[in-house]
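Residue numbering for the sequence shown follows the numbering used here, beginning at -17 and increasing consecutively.
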Amino acid sequence: MTRFLSLFAALFLVLAAALPHPKSTAETPLVVHTQEHVDAPHATWDGSNFQLMSNSSGLKPIEDTVNWVSRGQVDGGLGMYAWRVPDDPRLSFMGDPGTLLYYGGPATGFPQEQIPIWAGFGASANLPTENFRDQSFNMEIVGFDGPGRMELFNYGGEEWPAQRLWSSHDKGLRATWVAQGTHTHNDMTFTKPGLYQVWYRASARTTDGRFIASEPQVLRWQVGGTDPRLTTLHDVASSYNAAPAKQTGNTPTLSIAPSAADTKGAREGVLTTLSFDTGNAKDSGHAVFYIDGYRLAEVPVEAGKAQWDEMIGGYSSDFQVVYVPGGASQSGRWVSAPLQHHTGKVAQSTSEMGEFPTPNSADPAPAFETAPFSPSSHEVAVATSEVMGEDFEVTITPADADTSVEVRGGLYRVGDEPLQELPERVPADCELNYISSPGNRTLRTYVGDCTGPGYQLLLQITPESRSDAPGAALFSRLFAEGYRALPATSTRYSRAEGPAASEQKDGWADAVTLYDGHVDIAPHQREGKLVMAAKDETNNHARGAVWRDLNAVTFAVPQQAQKTLRRPVPGLASAGESVYELPATQRRGLVWPGLSNEHMYQSHPGKYVFHFTPVSAPAGGQWRAFNGTEAIAGNQQATSYSEQGSMHRHLAWYFTQPGTYEIEVRVDTPLSTTEAGTLRFRVGETDAAGGAPGVDVPAPGQPGQPEPPAPGSVAPANPNAVELTSGHIDFGPQHRDGTLGFYVTHESDTYKPQDVALVVGAQRRVQFEAGSLPRDVAAIVGRFVSPGTGFYHLPLTQAPDAPWPGFSTTHVAQQFPDGMNIEVAPQSAPEGGRWWAGHLPGLGVDARTLASSDGPSVVAGDGPFHTHADWIFSTPGEYTIAMRAVSLDGATKTEWETITFRVDLGAAGSAGSGGSGVGGSASTDSSGWKGVFDEAKKMFTAADKFAATALGNSPADPAGKPAGTAPAGAGANAPANTQASSPGRAALADTGAHTQLLWAGALALLGAGALTLGGSAFRRAHATLREG
């Protein structure tokens, strides 16, 4: 039966391959991701099945992208793109100690200019996991073609295990798990450089046992080599065949030797020089270097020579060069015979002519198993070892020896009350997460202090989605008197129950723990009394906003909130010390409490004063609450804090020790003083049973790159708009008169966006000089403003002399309990004007970009959200920005609306001067450039179609074979429908001369447009053209 299912699945994949691809990449050049963070594949849901995307500044199907693992902008050598296998038995799967591998860069802590790529994989938060068995799914490698092998893993030193995540060649590690709404930061290695093609799919079991899987999609990994964006020979074989075969008497030579360059990699002995010489200094053209028949690097031939430095790894490979002569070259085409080489080998060369390279990996991937199956048994054995120093070993062995399972959980300190299920939102005291697969059943991991009495070993063991096992097995063992080694003990897979449904109720007096999301600490009128309340918008226990008695609320600060400080917390801790932090900006997985008087201020304006009195803390525990760099409360003494007008203030909270902290809070209001309430934080949660109660609520999806509004679809700025000069302002969706729209809320008033303008006065100007700002702040500001000039700044926290704009979707939380996203698109700006909105880094605030004049963006949160921002404007004048709200499924959208900022108009001049709008602004809704750019766009498109064939991305081969079919010479493990074209099967391409002519013509038209229209309108129109 199993064999029949395997044959059936194989036939299914072949039939699926014949279906048309959802998007033809021939029309668009492949997007190259390199030297940046990218999650690929990133699992999303299209309404009926998974779709795998590349997630980096927007979402694109993975087949439309290339991940280039480069050597970085600056050669970082060993530890950056080159890596030697450490002498650590946990890494024996990588090869012998000292083996040299190509490295995807460290998972964290890298110098930005040296990183090859920062690649992980992830999953959207809006996957319907409630419909999946155990709310679990897999991403799988289902095809692989390349010169070497690929490994993904986490390795963090002696205290942590080497956690294997994914492998091209280990059959039991071709399926991996990733949680909904998360992504990985992982290590990655390749045994050799060159072009790799990896086919992925996502799969799951539904709660009724059905197997679902997406169609395979291919992602290209260019490991080492030259920049794919600079490729000119898109089909090397056709270009080679079209070139003349002249006999000139010259002796072409391929040479390989250790690099003598003055770079870190060369000095460390990890770089090798590949050289080609035609023997004639009058020759030109291109040399393409191959490794084991796979394309590696394309280098121009100048004066008869070409050279490329590469990290070729510690394994022997066959190298060849293909020479395609330029039009004026005297030498003919040539292919070298293979030359076997590895890093450190003595110099060698060959002048022997060979056959055109064809893929011939010395280490091909074993056959792939993709069919669903029934395990021979539902039994799983769990065993643990004696403690070895500070480590112990855990072995998870399914009775079906071919099954892979995910193991999650660890040792929890519970006293004598054991847990009945795995706590989802509280980590284990000694965590244990890994994939148990054939040949990889045992994990050695840190056990630390978790060997004393009162610890429970609790593990959830989840079968892979291909298995039709009923559900995860739960293993539990309480060590009431202290840890003891466990002999092999059996447990069984069992059917999982789905998540419980939440109910909306009053909830005022319910004792709850809040662990993730937005909360306001506020004065509140309740049954004729003035009390302290928590406005709970976390969705932890019920959907939507719920007012709760502050005395009944506990704020959980988990162990994950502990961090080692890179900068001191004044008066509390020095750099290098550890504290627990709730940052001033929202972070997934942490509660986000702030102070607010907004709700009472609407009906009772006046002065509000918050009073904080420390009540209790654990032994030696200290705490502080910061507004920016100002400590407004702490354990030393009672303090008070007030602001003018309506207030909504989020603070950064710091705690030095685990335990419970209690703070008395009361507020003086224009009516009277509230009753005292207790603000309670439980820090460094160790009672797993007490953490994270409540209902799992599906989180929002990960937004992609929005489409900017069409020209003319957004209302222009209103010269008679009401000017807002200060106070709390929110941009976001609301229901008004039964209709959903996008509005501006100022304090207690709500406006249509075209009826107001935010005024940024001259007092908000900041002079920007070298060294005048902290380095990390200057790095952001410097992208938009040059040193020696000034800029205008609206701060993240409220200032009395400036508007305080932010984004909010909380007004529609009842109608959209999973939240909405806010799309933002730059519309117009003064001549040379640029703007940015985000979070400048500081105490308790991590750097974050929300939107900018660089292009369209999405502001999103976990469920209904409310966030403020630092705003930067580079020059005086009027700026207009288009915004709208969009539901997570994209089905509901407000109309685009115009938000107007008037920045120091006294410096910019009166309305109409210097441009086509107030302060010299020039709207992108101009028709003057349209005809010029329509023609230029045609020429760009023609040029792009040449570039679109890079790395085998072609519309069809000369024989009319459709794109996406497997070409001759492709690896045997390539699914038929997603194999990219290989040399000899792509569309005919030459050395790039035609592309250059097309681009030259387009650029000439653009130059005329610039002279006619002026620089500002030209730049915006050109950006629109390239986005289109």
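Positions of the beta carbon are idealized from the N, C-alpha and C atoms, including for glycine.
Range covered by the alpha helix (DSSP H) that runs through N223
It spans 218 to 224 - the alpha helix (DSSP H) in which N223 sits, taken as one unbroken run.
Using the Cβ count rule (16 or more neighbours within 10 Å means buried), how would you classify T444?
buried
Does DSSP put N1032 in a helix, in a strand, or in coil?
Lying outside -17 to 1010, the shown extent of the chain, residue 1032 is not represented and no answer is given.
Can you grab the Cα-Cα spacing for the pair G91 / W100, in whole Å?
Low confidence applies to G91: its pLDDT is 48, below 50, so where it sits in the model is not reliable, and the reading given next is rough at best. Those two C-alpha atoms are separated by around 11 Å.
In whole angstroms, what separates the C-alpha of V726 from that of E45?
40 Å
Please classify R718: does DSSP put it in a helix, a strand, or coil?
strand
Could you name the residues of the same chain whose beta carbon sits closer than 6 Å to that of S298, not counting the 5 residues immediately before and after it, in chain order?
Q322, H324
Between V597 and the rest of its own chain, which residues show a CB-CB distance below 8 Å, the 5 nearest in sequence each way excluded?
E644, I645, E646, T660
Taking L82 and G296 to be in contact with their CB atoms under 8 Å, please state how far apart those CB atoms are, rounded to whole angstroms.
4 Å
Straight-line gap, A25 to L414 (C-alpha atoms, nearest Å)
24 Å
Quick check on DSSP: helix, strand or coil for H19?
strand
How about M370 and A64: are their beta carbons less than 8 Å apart?
no
Mapping the DSSP letters down to three states, classify H793 as helix, strand or coil.
Helix.
Check whether the Cβ atoms of A410 and G392 lie closer than 8 Å to each other.
yes
What did DSSP end up calling F637 once you bin it into helix, strand or coil?
strand
Label T721 either buried or exposed according to how many other C-beta atoms from any shown protein chain fall within 10 Å of its C-beta, with 16 as the threshold for buried.
exposed
Decide if S856 is buried, meaning its Cβ has at least 16 other Cβ atoms within 10 Å, or exposed.
buried
Buried or exposed for A174, please, with buried defined as at least 16 other CB atoms from any protein chain shown within 10 angstroms of its CB.
In the sequence as presented, Ala is not what sits at residue 174; that position holds Lys. K174 comes out buried.
Close Cβ partners of H19 (< 7 Å) along its chain, the five nearest in sequence each way excluded:
Close CB contacts of H19 within its chain, under the 7 Å cut and outside five residues either way in sequence, are with S38, W100 (chain order).
Taking only three categories from DSSP, how would you classify R156?
coil
Compare the beta carbon distance of F883 and R816 with 8 Å and say whether it is the shorter of the two.
no
Any chance the CB of D492 is under 7 Å from a heavy atom of the ligand FAD?
As presented, the structure is devoid of all ligands, the ligand FAD included, so that no description of it is given.
Please confirm whether V573 and V665 have their CB atoms less than 8 Å apart.
no
Quick one: what does DSSP say D916 is sitting in, helix, strand or coil?
Interpretation of D916 is limited by its pLDDT of 42, a score under 50 that renders its predicted location unreliable; no figure is taken from the coordinates.
Who are the near neighbours of G251 in its chain, counting only those whose CB is closer than 8 Å to its CB and skipping five residues on each side?
P240, T325, G326
Fully enclosed by the region 412 to 481, which alpha helix (DSSP H) runs are 4 residues long or longer?
none
According to DSSP, is T166 part of a helix, a strand, or is it coil?
coil
Roughly how many angstroms separate the alpha carbons of P234 and L278, rounded to a whole number?
Straight-line Cα distance between these residues: approximately 20 Å.
Would the region 104 to 111 count as touching the region 268 to 277 if we require 3 or more Cβ pairs under 8 Å?
No contact exists between the region 104 to 111 and the region 268 to 277.
In the DSSP assignment, what are the bridge partners of T771?
F750
Within the same chain, show all residues whose beta-carbon is closer than 6 Å to that of G891, passing over the 5 residues directly before and after it, in chain order.
Low per-residue confidence applies at G891: pLDDT is 48, beneath 50, and the placement is therefore not dependable enough to give any value.
Burial state of V303 (16 or more Cβ within 10 Å):
buried
Supposed close pair D886, P846 - CB separation, criterion 8 Å
Not quite, the Cβ-Cβ distance comes to about 34 Å (not below 8 Å), so this is no contact.
Any idea what DSSP makes of R53, helix, strand or coil?
coil
Count Cβ pairs between the region 69 to 78 and the region 157 to 168 that sit closer than 8 Å; are there 3 or more?
Judged by pairs of C-beta atoms under 8 Å, the region 69 to 78 does not touch the region 157 to 168, as fewer than three such pairs exist.
Whose C-alpha, out of W635, P777, A601, F592, is nearest the C-alpha of E625?
F592
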